[in-house]
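Just below is one structure, and these are the notes that go with it.
Numbering (UniProt numbering), first residue to last: 1 to 514.
Laid out in structure tokens, this is it:
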């Protein structure tokens, strides 16, 4: 098997440029939630990076052209662009907007060689201001990695090519679906290249890192992969719609996409499956049929299915010269079992089902009606938790220093706050004198026992205190100190841990461990 991958770097920027008829002045950045999501090559040369705050970016580059993130625009523009590949290859699969894979063996046989076929694919994507890079290999994942260096890996040499690739290439492309925490852990263990990973025994990798590690190991050793857009034997779950009036407008296409997506997911739910690869087929007024295959890393939700169908129809109607669409067919090409349910005593609800319920609530009450906690930078516990609307992408916490920050592991439970009456706690030493904190941020004596409400504990360990000066920049300075304490009841019960805060000359419980 031979696979070619065509990668369009910084696709959201390129899509915005196409949508604006290539009149966006450089440098350009696509922004989401006041941070740079993607920026152009010229912007990076000026010091801009993904994740940078917009105000910092504009301070560095005042003339920066800012474009709001628009996934619909990205998908719509790419659907129209991908139509050009159909003239070169028969098996074309859209992995995500900005990345396609092609059955290179068939295309090379038809056009007279791999080099010729790859060159024709690049030419098919040629547009003013659009950059594209191609890679080829025996496996789909290797071909995607090869696009980063525009490498055409000879047949049978994928393992040698991957052996020299740095570990970070696994995270450079989201379509590879490599778990970031696992990749980080592998790097901390001294594995610097994919060759290092391939040399680790498969059993050792699976034992230590489970399915995520096994998946990365398969990529690193160039394990055999699936073919591009294969017709896998699946149950006949296709759905179709033939509108009374041919579809000519984008709004009519969007309505048809939603209706057909809902119908498809009813069938999938009855069959107990989720769709990983979807074929969208349209029959035109001229009698011609056009089709496109879309693939995702996880099961398509109803809204995600509708989005992809809408993007594709919009691309055909506005950019592909399709004319009238007389019939529309959605056919799942690859199915999988839904996410595995957890414990036997759980209620049977999967994350996929929960996500669908949340999406319905948000559609009725607004995007801010359902929030999820996310980890941010900070010194204490409560300030490190930020609530964001469910489903919104979350930026990685900034790796800035936080003097006085509580070391990991963080407490598992927050209390009612340090102002709550039940947060008061008494910490004494071996002579029954209260333990306090001096001006030099030292304990007045070693903790011996702790009293919280009507419960008494013997202190078995403690760490700190860590001082924090807060609010001085706003004229309301508040100096506090935090202390980690572990204790047990006199009856020898399981140990308990607390995070205490020294404020206004007394101790209060801020959070509880375990």
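In this text, a Cβ means the ideal position worked out from N, Cα and C, and glycines have one as well.
Bear in mind that the values here come from a model prediction, so they are computed numbers and not experimental data.
Can you give the Cα-Cα distance for residue 287 and residue 324, rounded to whole angstroms?
Taking the first residue of the chain shown as 1, we reach residue 287 at position 287. Taking the first residue of the chain shown as 1, we reach residue 324 at position 324. About 10 angstroms.
Distance, Cα to Cα, residue 512 vs residue 49?
Along the chain shown, read from residue 1 onward, the residue named residue 512 stands at position 512. Along the chain shown, read from residue 1 onward, the residue named residue 49 stands at position 49. Cα-Cα distance, rounded: 38 angstroms.
Which residues bound the beta strand (DSSP E) around residue 428?
In the chain shown, the residue the question calls residue 428 occupies position 428. 424-428 is the extent of the beta strand (DSSP E) around residue 428.
What residues are listed by DSSP as bridge partners for residue 487?
As a working note, residue 487 is residue 487 in the chain shown. 459 and 496, per the DSSP bridge assignment.
Exposed or buried, residue 161, counting other C-beta atoms within 10 Å across all chains shown (16 or more means buried)?
Translated into positions along the chain shown, residue 161 becomes position 161. Buried, because 16 or more other Cβ atoms sit within 10 Å of the Cβ of residue 161.
Are the CB atoms of residue 192 and residue 144 nearer to each other than 8 angstroms?
Stepping through the chain shown from its first residue, residue 192 is reached at position 192. Stepping through the chain shown from its first residue, residue 144 is reached at position 144. Contact flag unset, no.
May I ask you to report which of helix, strand or coil DSSP gives residue 75?
Position 75 of the chain shown, counted from the first residue, corresponds to residue 75. DSSP places residue 75 in helix when its eight states are reduced to three.
For residue 4, count the other beta carbons within 10 Å of its own beta carbon; 16 or more makes it buried, fewer makes it exposed. Which is it?
Here the question's residue 4 lines up with position 4 in the chain shown. Looking at its Cβ environment, which holds 16 or more other Cβ atoms inside 10 Å, residue 4 is buried.
Label residue 431 either buried or exposed according to how many other C-beta atoms from any shown protein chain fall within 10 Å of its C-beta, with 16 as the threshold for buried.
Taking the chain shown and counting its residues from 1, one reaches residue 431 at position 431. Answer is exposed; the Cβ neighbour count stays below 16.
Would residue 28 and residue 67 qualify as a contact pair, given that the criterion is a beta-carbon distance under 8 angstroms?
The count along the chain shown starts at 1 and reaches residue 28 at position 28. The count along the chain shown starts at 1 and reaches residue 67 at position 67. A contact, by the Cβ cut-off of 8 angstroms.
Under a Cβ-count criterion, where at least 16 other Cβ atoms within 10 Å of its own Cβ denotes burial, should residue 112 be classed as buried or exposed?
By one-based count along the chain shown, residue 112 stands at place 112. Answer is exposed; the Cβ neighbour count stays below 16.
What is the DSSP secondary structure of residue 195, reduced to helix, strand or coil?
Position 195 of the chain shown, counted from the start, is the residue given in the question as residue 195. Three-state result, residue 195: helix.
For residue 439 and residue 425, I'd like the C-alpha separation in whole angstroms.
As a position in the chain shown, residue 439 is number 439, starting the count at 1. As a position in the chain shown, residue 425 is number 425, starting the count at 1. Those two C-alpha atoms are separated by around 21 angstroms.
Under the rule that 16 or more other beta-carbon atoms within 10 Å means buried, what is residue 354, buried or exposed?
On the chain shown, residue 354 is found 354 positions in, with the first residue counted as 1. So residue 354 ends up on the exposed side.
Exposed or buried, residue 232, counting other C-beta atoms within 10 Å across all chains shown (16 or more means buried)?
Counting from one through the chain shown, the residue named residue 232 turns up at place 232. Any reading at residue 232 must be qualified, since the residue scores a pLDDT of 49, below 50, and its modelled position is unreliable; no value is offered.
Out of 147, 217 and 200, point me to the one whose CA is closest to residue 178's CA.
Counting from one through the chain shown, the residue named residue 178 turns up at place 178. When each option's Cα is compared against that of residue 178, the closest is 217.
Would you mind giving the Cβ-Cβ distance between residue 434 and residue 428, rounded to the nearest angstrom? I have them listed as a contact below 8 angstroms.
In the chain shown, counting from the first residue as 1, residue 434 sits at position 434. In the chain shown, counting from the first residue as 1, residue 428 sits at position 428. Yes, residue 434 and residue 428 are in contact; Cβ-Cβ is about 6 angstroms, under 8 angstroms.
Ignoring anything shorter than 4 residues or poking outside the stretch 196-226, list the alpha helix (DSSP H) runs there in chain order.
Qualifying alpha helix (DSSP H) stretches, in chain order: 202-220.
Between which two residues does the alpha helix (DSSP H) holding residue 144 run?
For the purposes of this step, residue 144 is taken as the residue at position 144 of the chain shown. From DSSP, the alpha helix (DSSP H) with residue 144 extends over 140-146.
Tell me which residues share the same chain as residue 86 and place their Cβ nearer than 7 angstroms to its Cβ, disregarding the 5 neighbours each side in the sequence.
Locating residue 86 in the chain shown gives position 86, counting from the first residue. Excluding positions up to five away in sequence, the list reads 92.
Quick check on residue 367: does DSSP put it in helix, strand or coil?
Sequence index remark: in the chain shown, residue 367 carries index 367 (1-based). Looking at residue 367 - three-state DSSP - the assignment turns out to be helix.
Tell me the DSSP secondary structure of residue 431 in three-state form.
Walking along the chain shown from the start, residue 431 turns up at place 431. Coil at residue 431, not helix or strand.
What does a CB cutoff of less than 8 angstroms around residue 523 pick up in its chain, not counting 5 residues either side in sequence?
Lying before the first or after the last residue shown, residue 523 is absent from the chain, which here runs from 1 to 514.
How about residue 309 and residue 261: do their beta carbons lie closer than 8 angstroms?
Residue 309 sits at position 309 when you count from the first residue of the chain shown. Residue 261 sits at position 261 when you count from the first residue of the chain shown. Closer than 8 angstroms, so yes.
Mark residue 34 as exposed unless 16 or more other C-beta atoms lie within 10 angstroms of its C-beta, in which case mark it buried.
Locating residue 34 in the chain shown gives position 34, counting from the first residue. It is exposed - the Cβ of residue 34 has fewer than 16 other Cβ atoms within 10 Å.
If you draw a straight line from the alpha carbon of residue 282 to that of residue 255, how long is it in whole angstroms?
Indexing the chain shown from 1 puts residue 282 at position 282. Indexing the chain shown from 1 puts residue 255 at position 255. Rounded to the nearest angstrom, the two C-alpha atoms are 15 angstroms apart.
How would you label residue 17, buried or exposed, when you count the other beta carbons within 10 angstroms and need 16 or more for buried?
Residue mapping note: residue 17 aligns to position 17 of the chain shown, counting from 1. Label assigned to residue 17: buried.
On a CA-only basis, which of 300, 334 and 483 is nearest residue 381? Give me that one, please.
Stepping through the chain shown from its first residue, residue 381 is reached at position 381. Residue 381 has its Cα closest to that of 483, out of 300, 334 and 483.
Tell me the DSSP bridge mates of residue 410?
Stepping through the chain shown from its first residue, residue 410 is reached at position 410. According to DSSP, residue 410 bridges with nothing at all.
Looking at the secondary structure, which residues open and close the beta strand (DSSP E) in which residue 450 lies?
On the chain shown, position 450 is the one that residue 450 refers to. Looking at the DSSP string, the run of the beta strand (DSSP E) that includes residue 450 is 449-452.
Which class does residue 349 belong to by DSSP, given the choice of helix, strand or coil?
The sequence position of residue 349 within the chain shown is 349, counting from 1. Only weak support is given to the placement of residue 349: the predicted model assigns it a pLDDT of 48, under 50, and the value that follows is read from those uncertain coordinates. Residue 349: coil per DSSP, three-state reduction.
Check whether the stretch 38-46 touches the stretch 54-66, counting contact only when three or more Cβ pairs, one atom from each stretch, lie closer than 8 angstroms.
Yes, the stretch 38-46 is in contact with the stretch 54-66.
Rounded to the nearest angstrom, how far is the Cβ of residue 138 from that of residue 295, given a contact under 8 angstroms?
The sequence position of residue 138 within the chain shown is 138, counting from 1. The sequence position of residue 295 within the chain shown is 295, counting from 1. With a Cβ gap of about 19 angstroms, residue 138 and residue 295 do not count as contacting.
From the DSSP output, read off the bridge partner residues of residue 513.
Within the chain shown, residue 513 is the residue found at index 513, counting from 1. Per DSSP, 497.
For residue 99 and residue 125, what's the separation of their Cα atoms in angstroms?
Start at 1 with the first residue of the chain shown, and residue 99 comes out as number 99. Start at 1 with the first residue of the chain shown, and residue 125 comes out as number 125. Rounded to the nearest angstrom, the two C-alpha atoms are 11 angstroms apart.
So, under 8 angstroms CB-CB, residue 131 and residue 14 are touching, yes? Tell me the CB distance rounded to an integer number of Å.
As a first step, residue 131 must be located in the chain shown, where it is residue number 131. As a first step, residue 14 must be located in the chain shown, where it is residue number 14. Indeed, because the Cβ distance is near 7 angstroms, the residues count as touching under 8 angstroms.
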